[in-house]
């Protein structure tokens with residue numbers, strides 16, 4: 312499967328008088344897990360949104376490349392799978408339905424979407440819970456469902472926003488192992504405070520909190 | 035706006051499962067739709083039936099029955115029969131014709147020295163099928179025409195139909211006009227229930243040919259209230275729309291409570307356009323249920339309320355209000371940033 316490298320060049324995001332970050336640059340290598348770390352309010356989630364194309368930059372640019380020599384392309388939500396902070400799910404639908412949404416949104420027919428979802432759930436260790444209602448799952452299991460959804464989407468770039476928040480140590484380590492396995496299929500950027508995830512990452516990018524701007 | 039790869043049929047399937055699936059949050063709104071649709075139909079049907087009954091009662095007392103005659107007894111006028119009978123069948127007029135007292139008559143075996151009147155067959159159409167009408171209070175009812183002796187002649191008689199009491203058909207013998215009766219003292223015009231008397235009076239008077247002295251027209255019964263106007267202006271007519279708004283609020287709240295679910299769709303690559311389509315389909319499934327419930331209730335009530343069209347149309351108005359208001363209050367979710375939606379739990 313293809314994966315992309317991402318370069319952030321001299322990027323800034325401002326909301327009115329408040330500067331979230333400015334002059335920020337970083338390189339996120341292809342087919343690796345990169346941990347994005349920094350204090351709360353440093354703009355990790357905002358940077359992920361900018362890398363996915365959901366958030367416009369006030370200055371600078373984000374460049375996606377299929378390989379180091381290919382021409383850069385701008386961020387595109389259709390190339391990105393987002394793993395949110397917390398346990399978002401269609402609570403009343405089955406685990407399989409929750410994961411199949413991603414390939415369905417990519418245009419897969421129902422049968423193929425179910426196959427890809429089943430395979431992704433096997434990868435994250437939830438193969439036995441396909442028909443369980445999502446609201447019956449634990450927080451750790453829901454986080455793995457979100458990872459399975461990202462995997463089943465077949466997207467080249469997976470952006471995970473604090474995927475281990477509220478998880479115990481065992482579940483955090485499990486998430487770290489799953490992320491590592493996913494690098495065969497995608498480039499992964501993880502915004503996190505968790506030392507376990509940072510230690511398990513291939514690279515680390517630091518963000519600092521801006522001191523300028525309105526209170 | 036960017037598009038995704040969702041196939042239309044699968045998006046419809048998704049909407050159906052989100053609304054009707056086991057344990058769906060939307061099931062409570064679906065139940066509300068069933069109740070609102072059926073309740074609205076029942077309410078409208080009941081109101082329609084009440085106003086129809088009221089109109090019938092007032093019509094029996096002479097509502098919308100116009101009598102044209104001389105302005106003063108001292109200045110008698112004659113109205114040309116043909117001009118009066120020509121009014122029958124015009125727009126808004128049920129029947130019209132001359133009506134005149136005709137002294138007394140013996141009709142055996144009904145009775146002797148019975149009050150008699152002459153009227154056009156265009157005023158009392160049942161006269162076309164018999165030689166005379168017998169008032170309902172004069173003899174026992176007969177289902178079919180019967181033979182009587184009127185004076186020296188045999189004649190076929192039928193019982194007079196249901197007419198306003200002051201037209202005299204209930205307690206007298208009604209005969210058709212004689213061939214030579216070219217004019218009469220009175221012309222009676224029965225308007226349909228929804229005609230406006232004030233508009234009809236001058237219009238009808240202008241068509242009557244009158245000789246000798248001027249005439250004027252009056253309504254047999256001047257009711258203090260007009261049931262049609264009251265019906266059209268009743269506050270309760272807004273109830274179906276109010277129910278539609280109530281349903282829209284419930285739908286919008288339920289959709290907003292599902293913001294984190296919508297985030298799942300968005301973060302899985304579903305575009306804002308597809309999320310809008312999905313929410314629209316879900317809302318249409320709910321309001322379609324309301325319209326279907328209204329239609330089913332209307333048809334079930336039809337044998338008792340005659341015309342199911344009125345409650346059905348109000349059911350559609352309810353569903354339309356519900357759809358538009360709910361979507362107006364919820365579609366903004368489709369264009370919000372997915373990461374923000376994910377935090378709305």
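Protein chains in written order, with the numbering used here: chain Z, 312 to 526; chain B, 35 to 379. Idealized CB from N, CA, C, for every residue including glycine. All figures in this text were calculated on a predicted structure; none of them were measured in a lab.
Among B:81, B:328, B:322, B:301, nearest to residue 267 of chain B - alpha-carbon criterion: B:81
Residue 472 of chain Z burial status per 10 Å Cβ neighbour count (16 or more: buried): buried
Selected residue, minimal CA-CA separation from residue 127 of chain B, among B:289, B:229, B:271: B:229
Contacts of residue 477 of chain Z in chain B (Cβ-Cβ under 9 angstroms): The premise fails here: residue 477 of chain Z is roughly 13 angstroms from chain B at the closest Cβ pair, so nothing lies under 9 angstroms.
Beta-carbon proximity check, residue 164 of chain B vs residue 192 of chain B, cutoff 9 angstroms: yes
Residue 393 of chain Z (DSSP reduced to helix, strand or coil): strand
Spatial distance of residue 95 of chain B from residue 255 of chain B (CA atoms): 6 angstroms
Contact residues within the segment 347-373 of chain Z, judged by C-beta distance below 8 angstroms to chain B: 356, 359, 360, 365, 366
7 angstroms Cβ cut-off: residues of chain B touching residue 395 of chain Z: 297, 301, 373, 376
Sub-9 angstroms separation of residue 320 of chain Z and residue 373 of chain Z beta-carbons: yes
Close-in-space but distant-in-sequence residues of the same chain around residue 509 of chain Z (CB under 7 angstroms, 5 per side omitted): 346, 348, 503, 515
Distance, residue 403 of chain Z Cα to residue 526 of chain Z Cα: Note that residue 526 of chain Z scores a pLDDT of 39, beneath 50, so its modelled location is shaky; the value from the coordinates is reported in the next line. In a straight line, the C-alpha of residue 526 of chain Z is about 41 angstroms away from that of residue 403 of chain Z.
CB contact below 9 angstroms: residue 308 of chain B versus chain Z: yes
Residues, ordered as in the chain, of the segment 53-86 of chain B that lie near chain Z by beta-carbon distance below 7 angstroms: 55, 57, 58, 59
Element boundaries [alpha helix (DSSP H), containing residue 263 of chain B]: 261-266
Residues of the segment 500-513 of chain Z whose Cβ lies closer than 8 angstroms to any Cβ of chain B, in chain order: none
Where residue 142 of chain B falls: helix, strand or coil (DSSP): strand
Counted within 10 angstroms of its Cβ, other Cβ atoms place residue 425 of chain Z as buried (16 or more) or exposed: buried
Residues from the segment 415-429 of chain Z in contact with chain B, defined by Cβ distance under 9 angstroms: 415, 416, 417, 418, 419, 420, 421, 424
Contact check, residue 66 of chain B vs residue 280 of chain B, beta carbons under 9 angstroms: yes
Sequence-distant residues of its chain with Cβ nearer than 6 angstroms to residue 282 of chain B (five each side left out): 356, 359, 360
Local Cβ density within 10 Å of residue 478 of chain Z, reported as buried at 16 or more and exposed below that: buried
Contact between the segment 458-468 of chain Z and the segment 392-412 of chain Z (3+ Cβ pairs under 8 angstroms): yes
Close-in-space but distant-in-sequence residues of the same chain around residue 438 of chain Z (CB under 8 angstroms, 5 per side omitted): 429, 432
Bridge-paired residues (DSSP) for residue 221 of chain B: B:102, B:132
Residue-level contact to chain Z via CB, residue 42 of chain B, 9 angstroms cutoff: no
Closer than 9 angstroms to chain Z by CB, residue 48 of chain B: yes
From B:182, B:156, B:369, residue whose alpha carbon lies closest to that of residue 166 of chain B: B:182
The segment 197-208 of chain B touching the segment 67-79 of chain B, judged by at least three CB pairs closer than 8 angstroms: no
Bridge-paired residues (DSSP) for residue 492 of chain Z: According to DSSP, which records beta bridges pairwise, residue 492 of chain Z is partnered with nothing at all.
Chain-ordered neighbours of residue 51 of chain B on chain Z, where CB pairs are closer than 8 angstroms: 404, 408
Counted within 10 angstroms of its Cβ, other Cβ atoms place residue 399 of chain Z as buried (16 or more) or exposed: buried
Positions along the segment 458-482 of chain Z whose CB lies within less than 9 angstroms of some CB in chain B: 460, 461, 463, 464, 466, 472
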